[in-house]
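Written out below as structure tokens is the structure these notes cover.
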Amino acid sequence: MVKSNAVKKTNEKDDPPNIFLAARNNDPLELALALQDGQSLNDTEDPVMLLTPIHEACIARSTSFLSAAIGVEFDPWQRDGMQRLAIDHARVEGLTDFSKHLHKLMYPNEPTPTIVSFE
Amino acid sequence: MTPNDKHYPQAWKDCCSQIFQRFKSEAPRLYGRSFGWSQIRNMVMYDYDTYEDGKLVEASSQLRRQDLEHWAAGKRISNPKFFFIDRFLHAQLIDKRSAFQIVARDVIRYRDLESLNAQELLFGAKRRPADRYAFDAFDNCRGCFFSNLNKEDSDDNLYTTIYVKRAPELKFLATVFYTEFPPESVEDLLEEGYFVFGYITPRAEGNSGQVHGILNLFDRRLGTQCEMLGFSTSRCSTPFKKEGSFTIATAASGYDPIRFAKRSPQRKAGSRSVLIPRLRDIPVGDWMNYRVFKEILPHQADDPRVENLLDEYLLW
């Protein structure tokens, strides 16, 4: 899978962990290091695009990163520069399981939705 | 979270309204009978109403039929009421079994053609349509994959494949795949590719047996109000006779003809800036940056999966 705007690290020893690189490069280990470093999944990097690491990981289809992020607290209602939620990106990229998890996070106290199918 | 403490963008409410109205008008085709607003309301509130033996006993008062009717008539809907619609629609859109998937695809197709019409209007193709020859030449490209198989062509080690859709007639919708290796099958493109969508507007018959058009590509994943980000325009040309080649030329210097603007590497302090070609920055002498694409995968050209691929970011 081709990553959009993927930036490779140059010297791994000196660079501090970066949660956005972890999201783009599908790296759960760097996610853990970045969380220890005090970064969070609600951070935004670009003041115009306002993508959070969850948005970036959905766009890059970083499934390992996302399954690690399920255990971490984040705001599923954060919108990016196009007013999109993380669930919108996950839906388009075909991440069905993660979309369902996000739906549960977004509506925690509501009943499980019934799907309208063809009768 | 309670229904009262959430705010939704007005554009998203309008988008949902469009989907529901489309569902209402498509219901006879999908179900063989028409749906009223009260039936649609019962669908939305199914998990909140009380049913006994399949019969509605007590309807929840949090969303009523009148609310939906007023909303469809163009009035505003309050956030606590929209909460139920938002929850319902998100659940339907992420589930492949839902009937709303078909409706959503219809809405995307409609918006795709709307964008294409806007492009034709911009480039004057509405009032002065191109020659019949130009249309015929691009018609020959329908259903074919074109790829640049020389890796030295591109500066970021990606292979580019262009597909021109068969439908609809007289309009040219293009899908572009970026892959890290030369694609050998449609599966490679669909599973490993990063795809963007665009339009071709045939413009003129050129010399040397070629016709020209304007190719616009949109990467709507990252698109914002930012100038030209996620948006590329280039000139494309193809021979009169079907020879299985497709040429793309661009105005941008230092930028790939059909690749998007990239974000620069992160600086130590401060935010990441965006490298965007602006039209006024481009020297006139750099207009010719050719890239030739050859036809590949001729035996797999009629794959319905590629033909039915839609830009789902057009929905929201």
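For the protein sequence lines, the chains are L and E, in the order given. According to our numbering, the stretch in the first sequence is residues 1 to 119, in order. According to our numbering, the stretch in the second sequence is residues 120 to 435, in order. Every residue gets a Cβ at the ideal spot worked out from N, C-alpha and C, and that includes glycine. The model shown is predicted, which means the values in this text are computed figures rather than measured ones.
TODO: Starting from the Cα of E:Ala249, find the closest Cα among E:Tyr278, E:Thr279, E:Leu289 and give me that residue.
DONE: Within the second sequence, numbered from 1, the residue matching residue 249 of chain E stands at position 130. It is E:Leu289 whose Cα lies nearest to the Cα of E:Ala249.
- [ ] Give, in chain order, every residue of the stretch 51-85 of chain L whose Cβ lies closer than 7 Å to some Cβ of chain E.
- [x] Ile59, Gly81, Met82, Gln83, Arg84
TODO: Could you list which residues in chain L have their beta carbon closer than 8 Å to that of E:Glu431, in chain order?
DONE: Sequence index remark: in the second sequence, residue 431 of chain E carries index 312 (1-based). Those within 8 Å of E:Glu431 in chain L are Arg91, Val92.
- [ ] Specify whether the stretch 17-31 of chain L and the stretch 45-61 of chain L touch according to this definition: at least 3 beta carbon pairs, one from each stretch, less than 8 Å apart.
- [x] yes
- [ ] Under 7 Å Cβ to Cβ from E:Gln238, same chain only, skipping five residues before and after it: list those, please.
- [x] Here residue 238 of chain E is taken as the residue at index 119 of the second sequence, counted from 1. Hits under 7 Å: Tyr318, Thr320, Asn335.
TODO: Measure from the C-beta of L:Pro113 to each C-beta in chain E and report whether the shortest distance is under 9 Å.
DONE: Residue mapping note: residue 113 of chain L aligns to position 113 of the first sequence, counting from 1. For L:Pro113, the answer is yes, since a Cβ of chain E falls inside 9 Å of its Cβ.
Task: E:Leu175 burial status per 10 Å Cβ neighbour count (16 or more: buried) - done: For the purposes of this step, residue 175 of chain E is taken as the residue at position 56 of the second sequence. E:Leu175 comes out exposed.
- [ ] Give every residue of the same chain whose Cβ lies closer than 7 Å to the Cβ of L:Leu102, excluding the five residues on either side of it in the sequence, and list them in chain order.
- [x] For this step, residue 102 of chain L is matched to residue 102 along the first sequence. If we look at L:Leu102 and ignore the five residues flanking it on each side, its Cβ neighbours are Pro76, Ala86, Ile87, Ala90.
Task: Status (buried if at least 16 other CB within 10 Å, exposed otherwise) for E:Ile213 - done: The residue given as residue 213 of chain E occupies position 94 in the second sequence. A buried status is given to E:Ile213, since no fewer than 16 other beta-carbon atoms sit within 10 Å of its beta-carbon.
Task: Three-pair Cβ contact test at 8 Å for the stretch 256-266 of chain E versus the stretch 410-428 of chain E - done: Judged by Cβ distances under 8 Å, the stretch 256-266 of chain E makes contact with the stretch 410-428 of chain E, as three or more pairs qualify.
TODO: Identify whether E:His126 lies in helix, strand or coil by the three-state DSSP scheme.
DONE: Locating residue 126 of chain E in the second sequence gives position 7, counting from the first residue. Coil, per DSSP.
- [ ] Using a Cβ cut-off of 9 Å (strictly closer), state whether E:Asp231 contacts chain L.
- [x] If you number the second sequence from 1, residue 231 of chain E lands on position 112. Not an interface residue.
TODO: Could you say if the stretch 142-159 of chain E and the stretch 202-213 of chain E meet the contact criterion of at least three C-beta pairs nearer than 8 Å?
DONE: no
Task: Inter-residue Cα distance where the pair is E:Tyr374 and E:Leu232 - done: For the purposes of this step, residue 374 of chain E is taken as the residue at position 255 of the second sequence. For the purposes of this step, residue 232 of chain E is taken as the residue at position 113 of the second sequence. Note on E:Tyr374: pLDDT 48, under 50, position unreliable in the model; the coordinate value appears next. Cα-Cα distance, rounded: 28 Å.
TODO: Go ahead and pull the three-state DSSP assignment for E:Tyr282.
DONE: For this step, residue 282 of chain E is matched to residue 163 along the second sequence. Looking at E:Tyr282 - three-state DSSP - the assignment turns out to be strand.
Task: Residue range of the unbroken alpha helix (DSSP H) whose run includes E:Leu232 - done: Here residue 232 of chain E corresponds to residue number 113 of the second sequence, with the count starting at 1. Counting along the chain, the alpha helix (DSSP H) containing E:Leu232 begins and ends at 219-241.
Open item on the list: Counting beta carbon pairs with one atom in the stretch 186-201 of chain E and one in the stretch 166-175 of chain E, are three or more of them shorter than 8 Å?
Closed with: Between the stretch 166-175 of chain E and the stretch 186-201 of chain E, the count of Cβ pairs shorter than 8 Å is below three; the stretches do not touch.
Open item on the list: Taking the straight line between their C-alpha atoms, what separation do you get for E:Asp124 and E:Phe365?
Closed with: Counted from its first residue, the second sequence places residue 124 of chain E at position 5. Counted from its first residue, the second sequence places residue 365 of chain E at position 246. Rounded to whole angstroms, E:Asp124 to E:Phe365 spans 54 Å at the Cα level.
Task: Listed by chain order, chain E residues near L:Lys100 by CB distance under 9 Å - done: For this step, residue 100 of chain L is matched to residue 100 along the first sequence. For L:Lys100, the residues of chain E that pass the 9 Å Cβ criterion are Ala210, Ile213, Asp214, in the order they occur in the chain.
Open item on the list: Taking the beta carbon of E:Leu208 as the centre, do at least 16 other beta carbons fall within 10 Å, making it buried, or is it exposed?
Closed with: As a working mapping, residue 208 of chain E is identified with position 89 in the second sequence. The residue in question, E:Leu208, is buried, as its Cβ has 16 or more Cβ neighbours within 10 Å.
Open item on the list: Residues in the same chain with beta-carbon distance under 8 Å from E:Arg424, minus the five sequence neighbours each way, listed in chain order, please.
Closed with: Within the second sequence, the letter at position 305 stands for residue 424 of chain E. The residues are Val305, Leu309.
Open item on the list: Cutting at 6 Å between CB atoms, please list the residues of its own chain near E:Ala256, excluding the five before and the five after it.
Closed with: As a first step, residue 256 of chain E must be located in the second sequence, where it is residue number 137. Val330, Thr357, Phe359.
Open item on the list: Rounding to the nearest angstrom, what Cα-Cα distance links E:Trp131 and E:Asp338 in this structure?
Closed with: The sequence position of residue 131 of chain E within the second sequence is 12, counting from 1. The sequence position of residue 338 of chain E within the second sequence is 219, counting from 1. Cα to Cα, the separation comes out at about 20 Å.
TODO: Pick out whichever of E:Arg322, E:Asn259, E:Gln137 has its Cα sitting closest to the Cα of E:Leu241.
DONE: Residue mapping note: residue 241 of chain E aligns to position 122 of the second sequence, counting from 1. The shortest Cα separation from E:Leu241 among E:Arg322, E:Asn259, E:Gln137 belongs to E:Arg322.
Task: Secondary structure of E:Val176, DSSP reduced to three states - done: Taking the first residue of the second sequence as 1, we reach residue 176 of chain E at position 57. DSSP places E:Val176 in strand when its eight states are reduced to three.
Open item on the list: I'd like to know whether the C-beta atoms of E:Ala210 and L:Ile115 end up nearer to each other than 9 Å.
Closed with: As a first step, residue 210 of chain E is located in the second sequence; it is residue number 91 there, counting from the start. As a first step, residue 115 of chain L is located in the first sequence; it is residue number 115 there, counting from the start. Closer than 9 Å, so yes.
Open item on the list: Can you give me the C-alpha to C-alpha distance between E:Leu341 and E:Thr169, rounded to a whole angstrom?
Closed with: Walking along the second sequence from the start, residue 341 of chain E turns up at place 222. Walking along the second sequence from the start, residue 169 of chain E turns up at place 50. Using only the alpha carbons, I get a separation of about 43 Å.
Task: Per-residue burial, E:Phe219 [other beta carbons within 10 Å of its own, 16 or more giving buried] - done: As a working note, residue 219 of chain E is residue 100 in the second sequence. Classification of E:Phe219: buried, given that the 10 Å Cβ count is 16 or more.
Open item on the list: Rounded to whole angstroms, what is the Cα-Cα separation between E:Gln181 and L:Thr44?
Closed with: Taking the second sequence and counting its residues from 1, one reaches residue 181 of chain E at position 62. Taking the first sequence and counting its residues from 1, one reaches residue 44 of chain L at position 44. About 35 Å.
TODO: Say whether chain L places a C-beta atom closer than 9 Å to the C-beta of E:Tyr167.
DONE: Position 48 of the second sequence, counted from the first residue, corresponds to residue 167 of chain E. Judged by the 9 Å Cβ criterion, E:Tyr167 is in contact with chain L.
- [ ] Would you list, in sequence order, the uninterrupted beta strand (DSSP E) runs of no fewer than 3 residues that lie entirely inside the stretch 134-177 of chain E?
- [x] 169-171, 174-177
Open item on the list: Suppose the cutoff is 6 Å on Cβ atoms and the five residues either side in sequence are ignored; what does the same chain contact list for L:Met106 look like?
Closed with: As a first step, residue 106 of chain L must be located in the first sequence, where it is residue number 106. The answer, listed in chain order, is Pro76.
Open item on the list: Any beta carbon from chain L within less than 9 Å of E:Lys174's own beta carbon?
Closed with: Stepping through the second sequence from its first residue, residue 174 of chain E is reached at position 55. Not closer than 9 Å to any Cβ of chain L, the Cβ of E:Lys174 fails to qualify, so no.
TODO: Select from L:Pro111, L:Thr112, L:Leu35, L:Pro17 the residue whose C-alpha is nearest the C-alpha of L:Ala68.
DONE: What you label residue 68 of chain L is simply residue 68 of the first sequence in a count that begins at 1. Here the closest residue by C-alpha is L:Leu35.
TODO: Answer yes or no: do L:Gln83 and L:Asn42 have a C-beta to C-beta separation smaller than 9 Å?
DONE: As a first step, residue 83 of chain L is located in the first sequence; it is residue number 83 there, counting from the start. As a first step, residue 42 of chain L is located in the first sequence; it is residue number 42 there, counting from the start. Contact flag unset, no.
TODO: Decide if L:Leu95 is buried, meaning its Cβ has at least 16 other Cβ atoms within 10 Å, or exposed.
DONE: Translated into positions along the first sequence, residue 95 of chain L becomes position 95. With 16 or more Cβ atoms within 10 Å of its Cβ, L:Leu95 is classed as buried.
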